[in-house]
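In the working numbering, the protein residues as written are 3 to 46.
Single-structure report; data block below.
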Amino acid sequence: MNLFLLKSALVILLGVGDIKCYYIIHKADILQITNNILFIERKQ
């Protein structure tokens, strides 16, 4: 979550022109979190 907050802060600093980058980063984070949850569920 801290990394996500850092990325969000960077995106805000870079400006509104980088919304596409924000969405790409956000999608990547969702995929990573989903994969982590699935991996943890499989372990149990």
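Glycine residues also receive a C-beta, built at the ideal position from the N, C-alpha and C atoms.
Under a three-way DSSP split, which group does residue i fall into?
i	result
Q34	helix
Taking 9 Å as the cut-off, decide whether the C-beta atoms of residue i and residue j are in contact.
i	j	result
I35	V13	no
K9	Y25	no
D31	L5	yes
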